[in-house]
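Student: Let me give you the structure first, and then I'll get to my questions.
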Amino acid sequence: MKEKSINLNGRLLSLKSPVVMGILNVTPDSFYAGSRQADEAAVAQRIETILAEGGAIVDIGGYSSRPDAAEVTEEEEWQRIKPALKRMQRDFPEVPVSVDTFRSVIARRAVEEYGTAMINDISGGMLDARMFETIALLQVPYILMHMRGTPQTMQQHTDYDDLMEDIMLYFAQKVRALRQLGVNDVILDPGFGFAKTLEQNYELMRSLSEFSIHFETPLLVGISRKSMIYKLLNATPEDSLNGTTVLNTYALLNGADILRVHDVKAATETIEIVKRLMQS
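Counted from 1, the sequence shown has number 72 at position 72 by the UniProt record's numbering; the numbering is strictly sequential.
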């Protein structure tokens, strides 16, 4: 299998060694309070922390995807993320930015106006029929996530005939559609916590190595402080860093190329230790 990489604004990011994507939430209602950035000074501090701790990509999101999150208009989402995009473009132009959105208009504006390098779509194009053609037009890497329904309804859609078979079919069909449109860089995100029960999340994690068998695309894992950790441990998101590190370790040992996290330092250290363990 050839070495994986992604083209970010004309620069190849090698995934020979896994990398960390640091989360920058500009939402007032993200499930993990510690990730919410309320003002421009906090946004700047968060960006600097992500980079100082070894983050390779900054993922900016203005729409909370937790199950009981409120709907946000397109314009409100744009106004939330714009100051962070401006700051990244002005102060850190060499750092690749990913925008977490399921709206093609937001994706297009972020890329065309602020040089955003990648789009992270929790809906896999399901919530905006123009997303795939927009990505093809923009020619940026696309994070394709598995979800059913919407963030508001997804937990009503956990009835799978066969969890892994259904997810693999979903990805096969969507990767094919993207390739036919000329999208070169597709990253798969299995969608932990999205339209999956606690048990299904762990079944998915146990089966993670299957993605590397069936697809040659990079694999992103985002389990940072999610309910599959804190509900199992009867804890809170704030108390879930240890569980996050355990699952990130397992993910790395089973093919993860990108870890999407709140706690960048912990993730970069996890990668270093796993790399040393795997040295032959």
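Here a beta-carbon is modelled for each residue, glycine too, at the ideal position from N, C-alpha and C. All values derive from a computational prediction rather than experimental measurement.
Alpha carbons only, please: which of Ile273, Ala266 and Asn254 is nearest the one belonging to Met21?
Tutor: Answer by Cα proximity: Ala266.
Student: Name, in chain order, the residues that DSSP records as bridge partners for Val274.
Tutor: Its beta-bridge partners do not exist; DSSP assigns none.
Student: Pull up the DSSP beta-bridge partners for Ile187, would you.
Tutor: Ile143
Student: Under a three-way DSSP split, which group does Ser104 fall into?
Tutor: Residue state, collapsed to three classes: helix.
Student: Use the C-beta contact count for Val26: other C-beta atoms within 10 angstroms, 16 or more gives buried, fewer gives exposed.
Tutor: buried
Student: Under 8 angstroms by Cβ, that's how I've got Ile106 and Trp78 pegged, so tell me the actual separation to the nearest angstrom.
Tutor: 6 angstroms
Student: Using the DSSP secondary-structure output, state which residues sit across from Asn7 in a beta bridge.
Tutor: Looking at the DSSP assignment, Asn7 forms a beta bridge with Leu12.
Student: Have a look at Ala44 and Ile135 and give me their C-alpha separation to the nearest angstrom.
Tutor: Spanning the two alpha carbons is a distance of roughly 28 angstroms.
Student: Counting Cβ pairs, one atom from each stretch, are 3 or more of them under 8 angstroms apart for the region 88-98 and the region 54-61?
Tutor: yes
Student: Mapping DSSP to helix, strand and coil, what is Asn248?
Tutor: helix
Student: What number of angstroms, rounded off, separates the C-alpha of Leu232 from the C-alpha of Asp239?
Tutor: 12 angstroms
Student: Taking its Cβ as the centre, do 16 or more other Cβ atoms sit within 10 Å of Ser35, making it buried, or is it exposed?
Tutor: Legend: pLDDT at Ser35 = 45, less than 50; position of this residue unreliable, value from coordinates given subsequently. Ser35 should be labelled buried.
Student: Please state the DSSP three-state secondary structure of Val97.
Tutor: strand
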